[in-house]
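This report refers to the structure that appears directly beneath it.
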Amino acid sequence: MNYTITIFTDNKPGVLYRIAGIFLRRKINIESLTVSEIIEQKMSRFTIVLTSDEPTITKLINQIKNVVEVHNAYAYTDDEIFFHEITLIKITTPTSKQDTLQPILNQHNAHIMYFNPKFIIIEKAGTEVEVKNLIEQLKAFTIQDIAISGRIAMNK
Amino acid sequence: MRKQKIGHDSQPTILSGAQAVMKALLAEGVEVIFGYPGGAIMPIYDALYDYQDVMRHILVRHEQGAAHAAEGYARLTGKAGVCFATSGPGATNLVTGIADAMMDSVPMVAITGQVAANVLGTDAFQEADVIGITTPVTKWNYQVTNPAEIPEVIHKAFQIAQSGRPGPVLIDITKNAQFELCEYVPATQQYSRKIQTSTLSENIIQEAADLINDAKKPYILVGHGVLISSAEKEVLELAEKADIPLASTLHGLSAIPTNHPLYVGMLGMHGNYAPNKLTNEADVIIAIGMRFDDRVTGRVSDYAKNAKIIHIDIQPSEINKIIKVDVELCSDAKKALTQLIPKVKKATHPSWKNQFKTLYKQEENSIIKMELHPTTDPIKMAEVIRMISEMTDKKAVVVADVGQHQMYAARYSQFAQKNSFITSGGAGTMGFALPAAVGAKVAAPDRTVVAVIGDGCFQMTIQELGTIAQENLKVKIVILNNNYLGMVRQWQELFFEKRYSYVYLQNPDFIQIAKGFRIEGEKVEKRQDLRAALGRLFAFDGPYILDITVEQQENIFPMIPTGASVDEVRLS
Chain Z
17 MNYTITIFTD NKPGVLYRIA GIFLRRKINI ESLTVSEIIE QKMSRFTIVL TSDEPTITKL
77 INQIKNVVEV HNAYAYTDDE IFFHEITLIK ITTPTSKQDT LQPILNQHNA HIMYFNPKFI
137 IIEKAGTEVE VKNLIEQLKA FTIQDIAISG RIAMNK
Chain E
659 MRKQKIGHDS QPTILSGAQA VMKALLAEGV EVIFGYPGGA IMPIYDALYD YQDVMRHILV
719 RHEQGAAHAA EGYARLTGKA GVCFATSGPG ATNLVTGIAD AMMDSVPMVA ITGQVAANVL
779 GTDAFQEADV IGITTPVTKW NYQVTNPAEI PEVIHKAFQI AQSGRPGPVL IDITKNAQFE
839 LCEYVPATQQ YSRKIQTSTL SENIIQEAAD LINDAKKPYI LVGHGVLISS AEKEVLELAE
899 KADIPLASTL HGLSAIPTNH PLYVGMLGMH GNYAPNKLTN EADVIIAIGM RFDDRVTGRV
959 SDYAKNAKII HIDIQPSEIN KIIKVDVELC SDAKKALTQL IPKVKKATHP SWKNQFKTLY
1019 KQEENSIIKM ELHPTTDPIK MAEVIRMISE MTDKKAVVVA DVGQHQMYAA RYSQFAQKNS
1079 FITSGGAGTM GFALPAAVGA KVAAPDRTVV AVIGDGCFQM TIQELGTIAQ ENLKVKIVIL
1139 NNNYLGMVRQ WQELFFEKRY SYVYLQNPDF IQIAKGFRIE GEKVEKRQDL RAALGRLFAF
1199 DGPYILDITV EQQENIFPMI PTGASVDEVR LS
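Just so you know, the sequences run in chain order Z and E.
Taking the working numbering, the leading residue of the first sequence gets 17, the next gets one more, and so forth.
Taking the working numbering, the leading residue of the second sequence gets 659, the next gets one more, and so forth.
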């Protein structure tokens, strides 16, 4: 099952290393990881996505809580949170069928972040599934590069 | 600077980082440091020079010895053992001891020197990424590059090492931070947010009490946490009130006097027969300050299958880690028991206790009698161990190394006093005993400290004889010498078709070596000489060593083979 772990920690060097170490010891693969500062609290927020089972997740959360710099840690299933990732897609600026692009972007709630005669960068925020659907449709164009951020999430 | 008066006041003072380290250690009540100097920690050793009157420094012969000695010290005092090492190899040599302390919940503060901050990450002379190396084996570690941080960081180190489930903390201090001056501001912050202090809810306590009150076959497992929390009295009170048999883990040994009528012996791979076998008959298990180590549980899927389990442990991550429990009492053992005892009703369980007695008789007849009273040569390990207990009124601190002799020491030692058995359990670190005995003797100079060591283990940290001689520590050293790596040999015999692969040891003359270190000793080869030799060991006013030739190819039983269930424990 897909789980999203949110961890609140002191914003200090080495915390990421200690948390990553816990995953390493248990040979659990991290599917995505986002670390960001919590403004004005000198804290960091980790959002980690992984596939696992409930007993493993419970043990993992308990071990994460052992880390001195960790204030708290929570695990959620997808239906317990709102979550998004941000994707940037670079496509070659089309010479034909230009007018088909904008309707696709509209349909997927994506927009053009930058364009020049050579390439266009499209930005899309959404769930992993929404991003995937957009990419499928954009295969009609020449995709040069795709950068997908880790998931960020908030509990319901 | 060196002649400056050492201040104990709370007024800010200008000090070097190294002086701040010493002052902060003094503020934490540190009396003993085990260590080894070197380039990157020289300013701290220079500051230490001024503290010789208030702080004792034991110069070990290898940094691993410093870490194990700090463990031995901590195990007897309950306070964090402190060790010093220099950067690079000095620090990496500490790692085994730090990992050992992590596994066995031993409070330790290790302070290592580090190259100057401006050359960090440049492969400077004797540089190693000590923070990176020790992160998985410490409760916390931290690199200090600014001396102003020192008082807070050292205070935090002690708080973390000694609170909750104790463990090791490493502070890596760059050389510039030792030299540079800072304003010494005494630490004030509390770092106890991780410590479980709240009392348990009445409901959960009642739930546990109800299980115990309804139990027909209740069973208490005593772990290291009982000793750490000083909950021996409460454990006995609970056991006596509800008439519950008590078994001990390796690290719980000596929490309960061996001769207590409810004490049934040791759990685990080479524990006693009844305590293992009857784990699977118990209907309620009260596990106190123990973590269901694989050596205790055997095959987890079949462990305690008839029992409801009440688990008292201070570390939340230990609960439900290996065994799914029914009542979680996440708390200090003493506190939880104090709440629990009034709700537990008086009871008697004579037939349940008899089951233990019956199985003990089986073990006694098929194993113990022959181990303790052999009729043929050579000397057996068990008889030596039992004789040590008898000749020290069961009050010695037995420091056992790792292997067959460790299991014999655990099985056949008798205890009348708490904190009388120290060994490397979780990590199983060969070479632990000699340096740990150093720390134990420094911590408890008035107690008899006996290091029980195998011939293989002895050669892993034999250099600490130098430390013992220099400090004139009256450590009593007993080598149980079978010329083999006995436990590995036993496994090769039982599970690898007697293919004895590199387990025979051609040993040096240990007594000659001891004499080279100016330590007295003698070799014992015959049973009729054993008692008198042990008499001389204990009577001698100084360190003394016995090299006892024991049966070469002895196997230790009972045994739960790897992967077997506790009720498949073998008597032969």
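Note that the Cβ used here is the ideal one computed from N, Cα and C, for glycine as well.
Keep in mind the model is a prediction, meaning the values are calculated, not measured.
Under the three-state DSSP convention, the category residue i falls into
i          : result
Arg-41/Z   : helix
Pro-1093/E : helix
Met-760/E  : helix
Ile-55/Z   : coil
Thr-50/Z   : strand
Gln-114/Z  : helix
Pro-876/E  : strand
Gln-801/E  : strand
His-124/Z  : coil
Gln-662/E  : Confidence at Gln-662/E is low in this model, with a pLDDT of 44, below 50, so the placement of that residue is unreliable and no value is reported for it.
Gln-1210/E : coil
Val-795/E  : helix
Met-700/E  : helix
Pro-826/E  : strand
Leu-858/E  : coil
Ser-68/Z   : coil
Ser-1082/E : coil
Ser-1071/E : coil
His-909/E  : coil
Ile-77/Z   : helix
Pro-1216/E : coil
Met-624/E  : Missing from the structure shown is residue 624/E; chain E here goes from 659 to 1230 and no further.
Residue(s) in a DSSP beta bridge with residue i
i          : result
Phe-99/Z   : Ala-169/Z
Arg-714/E  : Val-690/E
Val-1110/E : Ala-1058/E and Val-1136/E
Thr-108/Z  : Phe-135/Z
Cys-988/E  : Asp-971/E
Pro-29/Z   : Answer is none; Pro-29/Z lacks a bridge partner.
Met-680/E  : Per DSSP, none; premise fails for Met-680/E.
Asn-1012/E : BP columns for Asn-1012/E are empty, so no partner.
Asn-18/Z   : Thr-67/Z
Nonlocal neighbours in the same chain, by C-beta distance under 6 Å from residue i, ignoring five residues either side
i          : result
Asp-984/E  : Lys-966 and Ile-967
Ala-1055/E : Note on identity: in this sequence residue 1055/E is Val, with Ala being the wrong assignment. For Val-1055/E, where only same-chain residues beyond five positions count, the Cβ hits under 6 Å are Ser-1078, Ala-1098, Arg-1105 and Val-1107.
Ile-21/Z   : Ile-64 and Ala-91
Glu-1041/E : Leu-1030
Ile-702/E  : Ala-676, Val-679 and Gln-836
Burial state of residue i (16 or more Cβ within 10 Å)
i          : result
Thr-95/Z   : Correcting the residue type first, residue 95/Z is Asp in the shown sequence and not Thr. Exposed, since its Cβ has fewer than 16 Cβ neighbours within 10 Å.
Met-170/Z  : exposed
Met-129/Z  : exposed
Ile-1218/E : buried
Tyr-1162/E : exposed
Phe-1154/E : exposed
Pro-876/E  : buried
Asp-990/E  : buried
Gln-1210/E : exposed
Ser-1009/E : exposed
Val-958/E  : exposed
Gly-710/E  : The sequence shown places Gln at residue 710/E, rather than the Gly named in the question. Per the 10 Å Cβ criterion, exposed.
Asp-1167/E : exposed
Arg-167/Z  : buried
Ile-1206/E : buried
Pro-133/Z  : exposed
Other residues of its chain near residue i: CB distance less than 7 Å, five sequence neighbours each side excluded
i         : result
Glu-689/E : Met-713 and Arg-714
Ala-141/Z : His-100 and Ile-102
Ile-977/E : His-969, Asp-971, Val-983, Glu-986 and Cys-988
Other residues of its chain near residue i: CB distance less than 8 Å, five sequence neighbours each side excluded
i          : result
Thr-793/E  : Asn-799
Lys-7/Z    : A query on residue 7/Z cannot be resolved here, the shown segment of chain Z reaching from 17 to 172 and no further.
Lys-1156/E : Gln-1150
Answer yes if the segment 903-914 of chain E comes into contact with the segment 990-1000 of chain E, meaning at least three C-beta pairs across the two stretches below 8 Å, and no otherwise.
-> Judged by Cβ distances under 8 Å, the segment 990-1000 of chain E makes no contact with the segment 903-914 of chain E, as fewer than three pairs qualify.
contact_flag[the segment 938-954 of chain E, the segment 1101-1111 of chain E] where n(CB pairs < 8 Å) is 3 or more | The segment 938-954 of chain E and the segment 1101-1111 of chain E do not touch, with fewer than 3 CB-CB distances between them shorter than 8 Å.
Stretch-stretch touch, CB-based, cutoff 8 Å, three pairs: the segment 801-808 of chain E with the segment 720-730 of chain E | Result no; under three Cβ-Cβ pairs closer than 8 Å.
If you pair each beta-carbon of the segment 895-908 of chain E with each one of the segment 1033-1041 of chain E, do three or more pairs fall below 8 Å?
-> The segment 895-908 of chain E, when compared against the segment 1033-1041 of chain E, does not touch it at the 8 Å Cβ threshold.
Can you find at least 3 beta carbon pairs, one from the segment 814-822 of chain E and one from the segment 840-850 of chain E, that sit closer than 8 Å?
-> Cβ pair count under 8 Å is three or more, so yes.
Between the segment 1193-1201 of chain E and the segment 1126-1139 of chain E, do three or more beta carbon pairs fall short of 8 Å?
-> The segment 1126-1139 of chain E and the segment 1193-1201 of chain E touch, with three or more beta-carbon pairs separated by less than 8 Å.
The segment 832-839 of chain E touching the segment 796-805 of chain E, judged by at least three CB pairs closer than 8 Å = As far as the Cβ criterion goes, the segment 832-839 of chain E touches the segment 796-805 of chain E, which means the pair count is three or higher.
Okay, do the segment 679-688 of chain E and the segment 747-764 of chain E touch, 3+ Cβ pairs below 8 Å being the bar?
-> Here the segment 679-688 of chain E does not lie against the segment 747-764 of chain E, with fewer than 3 beta-carbon pairs under 8 Å apart.
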